[in-house]
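**Student:**
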Amino acid sequence: MAVLLIAEHNNKELRPFTLNAATAASQIDSDVHAVIIGQNSEEAAKQLSELPVVKKVLSVEGAHYENFTAENFTPVIVKLAENYSHIVCSANTFGKNLMPRIAAHLDTSQVSDIIKVISPDTFLRPIYAGNAFATIKSNDAKKCVTIRPTSFDPCETTGGSAPIEKVDASEEFSNTQFIKREEIKSDRPELGTARIVVSGGRGMQSGDNFKLITEIADKLGAAIGASRAAVDAGYISNDHQVGQTGKVVVPDLYIAVGISGAIQHLAGMKESKVIVAINKDGEAPIFSVADYGLEADLFEALPQFMEELNKLNTIQK
Amino acid sequence: MKILVAVKRVIDYNVQIRVKEDGTGVVTDNVKMSTNPPDDNAIEEAVKIKEAGKATEVVAVTVGEEKAQETVRKALAVGADRGIHVKVDGILEPLAVSKILQKIVDKEKPDLVFMGKQAIDDDCNQTGQMLSALLNWPQATFASKIDVKENKLEVTREIDEGLETIEINVPAIVTCDLRLNEPRYASLPNIMKAKKKPIEEIAASDLGVDVSPRLEQLKVEEPPKRKAGIKVANVAELVQKLKNEAKVI
Numbered sequence: 009m010a011v012l013l014i015a016e017h018n019n020k021e022l023r024p025f026t027l028n029a030a031t032a033a034s035q036i037d038s039d040v041h042a043v044i045i046g047q048n049s050e051e052a053a054k055q056l057s058e059l060p061v062v063k064k065v066l067s068v069e070g071a072h073y074e075n076f077t078a079e080n081f082t083p084v085i086v087k088l089a090e091n092y093s094h095i096v097c098s099a100n101t102f103g104k105n106l107m108p109r110i111a112a113h114l115d116t117s118q119v120s121d122i123i124k125v126i127s128p129d130t131f132l133r134p135i136y137a138g139n140a141f142a143t144i145k146s147n148d149a150k151k152c153v154t155i156r157p158t159s160f161d162p163c164e165t166t167g168g169s170a171p172i173e174k175v176d177a178s179e180e181f182s183n184t185q186f187i188k189r190e191e192i193k194s195d196r197p198e199l200g201t202a203r204i205v206v207s208g209g210r211g212m213q214s215g216d217n218f219k220l221i222t223e224i225a226d227k228l229g230a231a232i233g234a235s236r237a238a239v240d241a242g243y244i245s246n247d248h249q250v251g252q253t254g255k256v257v258v259p260d261l262y263i264a265v266g267i268s269g270a271i272q273h274l275a276g277m278k279e280s281k282v283i284v285a286i287n288k289d290g291e292a293p294i295f296s297v298a299d300y301g302l303e304a305d306l307f308e309a310l311p312q313f314m315e316e317l318n319k320l321n322t323i324q325k
Numbered sequence: 022m023k024i025l026v027a028v029k030r031v032i033d034y035n036v037q038i039r040v041k042e043d044g045t046g047v048v049t050d051n052v053k054m055s056t057n058p059p060d061d062n063a064i065e066e067a068v069k070i071k072e073a074g075k076a077t078e079v080v081a082v083t084v085g086e087e088k089a090q091e092t093v094r095k096a097l098a099v100g101a102d103r104g105i106h107v108k109v110d111g112i113l114e115p116l117a118v119s120k121i122l123q124k125i126v127d128k129e130k131p132d133l134v135f136m137g138k139q140a141i142d143d144d145c146n147q148t149g150q151m152l153s154a155l156l157n158w159p160q161a162t163f164a165s166k167i168d169v170k171e172n173k174l175e176v177t178r179e180i181d182e183g184l185e186t187i188e189i190n191v192p193a194i195v196t197c198d199l200r201l202n203e204p205r206y207a208s209l210p211n212i213m214k215a216k217k218k219p220i221e222e223i224a225a226s227d228l229g230v231d232v233s234p235r236l237e238q239l240k241v242e243e244p245p246k247r248k249a250g251i252k253v254a255n256v257a258e259l260v261q262k263l264k265n266e267a268k269v270i
């Protein structure tokens, strides 16, 4: 049986992690169908049909799907699941919220946040904030799997021409009502997919001081991250948090500034290709994962860093 | 309004995890155990709602081995009124836990069920959503703010894009994020008082729930180690290394 991929989108276009989830789905079985549930999401459905790994698109439209409420999405997917061996989506807040609700209805034990497909029933996933890796075999007839997007490359986005089939909407779940979403708009790259991330921790001492980080991020075309301590202290909003309960990032370059390196933070960034740590405490655990450590006062180091960047003739973007 | 709060006993978040040499799991012998951190936020929120006069009773429940009862006792010490310990040994998957909690909900008939959004041992992030599916109740996951209104809650959720606010009718499930509140510490008098609060013990086998695992944990291993890095002397050297050695800027 084929694999059913749940597409994440904003009713206009696919959200980027759908592409990573599509890659993971195609590693489970080459026959990948994708379901897209939304309101006026035709354009996103078309994008989905153009992914070469997707063989068929199932489109479900309804006003009550506009805000992606798990309680509304679940009945449609549970019904479709009859025809599939696996249900797959990203392990971001969209998939984390949705998939267990589906799995419980299907009476299947979900495998969360996989980082590798070993075989169609066996997966590798981090546990204990990435301090151990577990190889898990699922013995359920239907498997619900969420994938860690940064562990799979995004699939190709052009060249496919999957047929788009309409599927009937399910009834509305009226006990949950969407009120509002406060999205932080930014011209910078998304934290989850950025090539470079510059992150600040408690050492920044104030929200104002984050402008030292912003400057450098702008210069490098980087996203801005933060430790939980910095978010808790109110220096920066929650959508910047990197770590076990925040976002997991795997950029080419991760620059940790004034971050001590709690286990929970390391869980979100230690797979980055190159890690830089700037911290005045030479014993800080962040240095144990850093390729380049600079023991220095960040309030002196960051302006110097900016100066040095300004001296460079070219900067990769 | 009555609030049921589910708590889990896990390895303390400050403990450095060690993988067993035989690959069967992680070392738990003689390791400090604590309440799963966001479960502390769940208890705190329930107690605060009661203190604000909007709830009449807070019941803490845990599912697990003999020693899991410590987490219920701790919940009682910070303000829960009574406890339930569903006793069961061995590995429990979130699906099994949610089926057990469903039975407890049938029995206790709470208006709200709170729990942490994720346990920091298996990092599954499933139980709350599964319980709400089994009960067909609304779910508010990753809550960072809860306003109790008449027969409904307004909940702010932490999502990847920022914040989302939803309104859910009770009965409902809320899974709590770490920023929901600042959990209090138990005072010594309250720890003493908690010893007198009742904890009902229930054998999972009496609930008629199949808790047998569906997943096989074939192996647990250490993640690949990063190679040791270097310390640079100054910013100029750092930028030069990034440009010419790592070639990332």
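If you read the protein sequences in the order shown, they are chains B and U.
9 is the number of the first residue of the first sequence in the numbering used here; add one for each residue after it.
22 is the number of the first residue of the second sequence in the numbering used here; add one for each residue after it.
We treat Cβ as the ideally placed atom computed from N, Cα and C, and that holds for glycine.
#1: Closer than 8 Å by beta-carbon distance: list the chain U residues that pair up with B/K188, in chain order.
#2: Closer than 8 Å by beta-carbon distance: list the chain U residues that pair up with B/H113, in chain order.
#3: Kindly list, in the order they appear in chain B, the residues whose Cβ is closer than 8 Å to that of U/L116.
#4: According to a CB-to-CB cut-off of less than 8 Å, which residues of the region 193-224 of chain U neighbour chain B?
#5: Who are U/M136's beta bridge partners in DSSP?
#6: Taking 8 Å as the threshold, find out whether the region 85-94 of chain B comes into contact with the region 119-127 of chain B through three or more Cβ pairs.
#7: Would DSSP call U/M22 helix, strand or coil?
#8: If you reduce the DSSP assignment to three classes, tell me which class U/T92 lands in.
#9: Tell me where the alpha helix (DSSP H) around U/D127 begins and ends.
#10: Hey, would you say B/E69 sits closer than 9 Å to B/R109, going by beta carbons?
#11: Exposed or buried, U/G111, counting other C-beta atoms within 10 Å across all chains shown (16 or more means buried)?
#12: Which residue from B/I144, B/G229 and B/A234 puts its Cα closest to that of B/G215?
#13: Within 9 Å of any Cβ in chain U, is that where the Cβ of B/G138 sits?
#14: Run through chain U and tell me which residues come within less than 7 Å of B/D247, C-beta to C-beta.
#15: Can you confirm whether the region 33-44 of chain B touches the region 56-68 of chain B when touching is taken to mean that 3 or more C-beta pairs between the two stretches lie within less than 8 Å?
#16: How about B/G138 and B/E279: are their beta carbons less than 9 Å apart?
#17: In the structure shown, what three-state DSSP assignment does U/Y34 receive?
#18: Does the distance from the CB of B/C163 to the CB of B/V257 come in under 9 Å?
#19: Tell me which residues share the same chain as B/F218 and place their Cβ nearer than 7 Å to its Cβ, disregarding the 5 neighbours each side in the sequence.
#20: With DSSP run on the structure shown, which of helix, strand or coil describes B/Y92?
#21: Kindly list the residues whose CB is nearer than 7 Å to the CB of U/L156, restricted to its own chain and excluding five residues on each side of it in sequence; keep chain order.
#22: Looking at the secondary structure, which residues open and close the beta strand (DSSP E) in which B/P134 lies?
#23: Would you mind telling me which residues of chain U sit closer than 9 Å to B/Y73, beta carbon to beta carbon, in chain order?
#24: Determine the burial state of U/D181: buried for a count of at least 16 other Cβ atoms within 10 Å of its Cβ, exposed for fewer.
#25: With three or more C-beta pairs closer than 8 Å as the rule, is the region 11-26 of chain B touching the region 53-60 of chain B?
#26: With a threshold of 16 other CB atoms inside 10 Å of the CB of B/K319, please say whether the residue is buried or exposed.
#27: Taking just the CA atoms, how far does B/G251 sit from U/K246?
#28: List, in order along the chain, the chain U residues whose C-beta lies closer than 7 Å to that of B/L56?
#29: Any residues in the region 163-177 of chain U with a beta carbon nearer than 8 Å to a beta carbon of chain B? Which ones, in chain order?
#30: Give me the DSSP bridge partner(s) of U/F163.
#31: In chain U, which residues lie less than 8 Å from B/I192 when you measure between Cβ atoms?
#32: Report all residues from its chain with a CB closer than 7 Å to the CB of B/F160; omit the five preceding and five following residues, and keep chain order.
#33: Of all the beta strand (DSSP E) runs that stay within the bounds of the region 119-175 of chain B, which reach a length of 3 or more residues?
#34: Are there 16 or more other CB atoms within 10 angstroms of the CB of B/N100, so buried, or fewer, so exposed?
**Tutor:** Inspection of the coordinates gives the following:
#1: E185 and T186
#2: A154
#3: A111, A112, D115, T116, S117 and Q118
#4: A193, D198, L199 and R200
#5: U/A27 and U/T196
#6: no
#7: coil
#8: helix
#9: P115 to E129
#10: no
#11: exposed
#12: B/A234
#13: yes
#14: D181, E182 and G183
#15: yes
#16: yes
#17: coil
#18: no
#19: G208, M212, Y243 and I244
#20: strand
#21: Q123 and V126
#22: T130 to I135
#23: By Cβ distance, chain U contributes nothing, its closest Cβ being about 15 Å from B/Y73, past 9 Å.
#24: buried
#25: yes
#26: exposed
#27: 18 Å
#28: Near B/L56 there are no residues of chain U at all, since even the closest Cβ is about 20 Å away, more than 7 Å.
#29: F163, S165 and E175
#30: U/F163 is not bridged to any residue.
#31: E182 and G183
#32: N28, T31 and A32
#33: 119-122, 124-127, 130-135, 140-146, 151-155 and 172-174
#34: buried
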